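Below is one structure, written out as structure tokens; the observations come after it.
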Amino acid sequence: KDPVHGEHVNSKEATHHIGVQLPIGRENDTKVLVQMLSSNDFCCKTEKGGASIISIVGKGGIGKMTLANMVFNEVEQQFVERRWWVCLSERPNHKDLVRQILREVCKSYGENTDCSLTDLCTQLLNELSKEKILLVLEDVWEIKWWEEEIGETLMVVLWGAKF
1 KDPVHGEHVN SKEATHHIGV QLPIGRENDT KVLVQMLSSN DFCCKTEKGG ASIISIVGKG
61 GIGKMTLANM VFNEVEQQFV ERRWWVCLSE RPNHKDLVRQ ILREVCKSYG ENTDCSLTDL
121 CTQLLNELSK EKILLVLEDV WEIKWWEEEI GETLMVVLWG AKF
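Residue numbers (the UniProt record's numbering): 1 to 163.
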């Protein structure tokens, strides 16, 4: 924050650090999502591996980030050090997306601009394949772009991870 004006210098700053607001009518949604994340049945029911995805979608201002934040905090004991919140840039390319996630997941990650996408995915898979994880991606605005461009790259990594 700008100490003088109290404004955020980086408008893309992750919102999960903001205090959890009291929900209005979201208690049941939170409970359902926490149960889904806690269930071994849900986390293993995919055709191509162990990756399960929960999407929270809707118009701006309806409480998507508040709900995600509540769930993220609620499952802290379950995931301990295996949960991350990544605020995406506007439209990251494949390599930038994997790098952003690596920066969060692997604190010792050193920026190597010469790494190929395959090398980055391998590095991320090595970090994520150890045990069950929770990865929240904030600011995925265009579902079609996500599914066609980025989702496939990330899913290749996640299918090898344990959920």
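Cβ coordinates follow ideal geometry from the N, Cα and C atoms, glycine included.
Fair warning: this is a prediction, and the values are worked out from it, not measured in the lab.
Relative to the Cα of Cys87, the nearest Cα in the group Val75, Ile62, Gly110 and Ala68 belongs to Ala68. Restricting attention to alpha helix (DSSP H) runs no shorter than 4 residues, the UniProt domain "NB-ARC" (47-148) encloses them at 64-74, 76-79, 94-105 and 117-128, ordered along the chain. Its chain contains Val71, Glu74 and Val75 as the residues whose beta carbon lies nearer than 8 Å to that of Val34, once the 5 sequence neighbours on both sides are disregarded; these appear in chain order. Within 10 angstroms of the beta-carbon of Gln77 lie fewer than 16 other beta-carbons, which makes it exposed.
Beta-carbon to beta-carbon, Leu117 and Val98 are separated by about 7 Å, close enough to satisfy the 8 Å threshold. Secondary structure note for Ser39: it is in no alpha helix (DSSP H), with a DSSP letter that is neither H nor E. Between Trp85 and Val32, the C-beta spacing is not below 7 Å.
The distance from the Cβ of Gly63 to that of Arg26 is about 6 Å, consistent with a contact at the 8 Å cut-off. Rounded to whole angstroms, the gap between the alpha carbons of Asp114 and Asp29 is 43 Å. Residues Val75 and Gln78 of the same chain have their beta carbon placed closer than 8 Å to that of Ser38, with the five preceding and five following residues left out of the count.
Minimum Cα-Cα distance from Leu124 among the listed residues Trp141, Val140, Asp96 and Lys144 corresponds to Asp96. Take Ile54, set aside five residues on each side of it, and the residues of its chain with a beta-carbon closer than 8 Å to its own are Leu33, Met36 and Leu37, in chain order. Shown here for Gly58: same chain residues with a beta carbon closer than 7 Å to its own, the five before and five after excluded, namely Lys64 in chain order.
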